[in-house]
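*Asks:* Quick one: this structure, given as structure tokens, is what I'll be asking you about.
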Amino acid sequence: MIQLKVEDLGFSIDRIKIIDAISLEVQKNEFVGLVGPNGCGKSTLLKNIYRIYQPDTGKVYLDGDEIQRIKDKAFAKKMSVMVQENNVAFDLTVLDMVMLGRYAHKKILQDSSKEDKAIAEKCIEEVG
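Start counting the sequence shown at 52; every next residue gets the next number (the numbering used here).
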């Protein structure tokens, strides 16, 4: 089952083409690494996938739905992002950081449940 699909994605900044017709498919429960030299477009591709940027051409699908058409809260329930350059002003454990990804699954001001903690711990276990 395809969980993430990128179809002929193109992206430019100031008319300079950064990504040209990239396509990929990621199956459910599959781990993928993006490898390449500095400046080749790895981060730009990811920013198009998690909607920081909007592609000039092509589409990105998550669970068969075009990501630009998914409402913000529904998108947040399906995808969380932890960027490498994270500058958190608080001392948080790895579990605390992963628990932040459960925010979209709760009501306003609702505390984390035992289920939230179990899900976060399972995610940590899966990625090591």
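Here a beta-carbon is modelled for each residue, glycine too, at the ideal position from N, C-alpha and C.
Between which two residues does the alpha helix (DSSP H) containing Thr184 stretch?
*Replies:* Here the chain covers residues 52 to 179 and nothing more, so residue 184 does not appear.
*Asks:* Specify, as a first and last residue, the run of the alpha helix (DSSP H) that Ser94 falls within.
*Replies:* Sequence index remark: in the sequence shown, residue 94 carries index 43 (1-based). Looking at the DSSP string, the run of the alpha helix (DSSP H) that includes Ser94 is Lys93 to Ile100.
*Asks:* Suppose you measure from the CA of Tyr101 to the CA of Leu160; what does that come to, to the nearest Å?
*Replies:* Residue numbering aside, residue 101 sits at position 50 when the sequence shown is read from its first letter. Residue numbering aside, residue 160 sits at position 109 when the sequence shown is read from its first letter. When rounded, the distance between both Cα atoms is 25 Å.
*Asks:* Compare the C-alpha of Lys93 against each of Glu81, Ile73 and Tyr154 and name the closest.
*Replies:* Taking the sequence shown and counting its residues from 1, one reaches residue 93 at position 42. For Lys93, the nearest C-alpha among the options comes from Ile73.
*Asks:* Considering only their Cβ atoms, is the gap separating Met150 from Ser164 smaller than 7 Å?
*Replies:* Against the sequence shown, residue 164 aligns to sequence position 113. Against the sequence shown, residue 150 aligns to sequence position 99. Against a cut-off of 7 Å, the Cβ pair of Met150 and Ser164 comes out as no contact.
*Asks:* Quick one: give me the first and last residue of the alpha helix (DSSP H) that Phe82 is part of.
*Replies:* Indexing the sequence shown from 1 puts residue 82 at position 31. Element bounds for Phe82: n/a, residue is neither H nor E.
*Asks:* Can you list, in chain order, the residues of its chain with a C-beta nearer than 7 Å to that of Lys110? Leave out the 5 residues immediately preceding and following it.
*Replies:* In the sequence shown, the residue the question calls residue 110 occupies position 59. Cβ neighbours of Lys110 beyond the five flanking positions: Glu58 and Glu117.
*Asks:* Grab the span of the beta strand (DSSP E) containing Ala72 for me, first residue to last.
*Replies:* Your numbering for residue 72 matches position 21 in the sequence shown. Unbroken beta strand (DSSP E) run through Ala72: Ile67 to Gln78.
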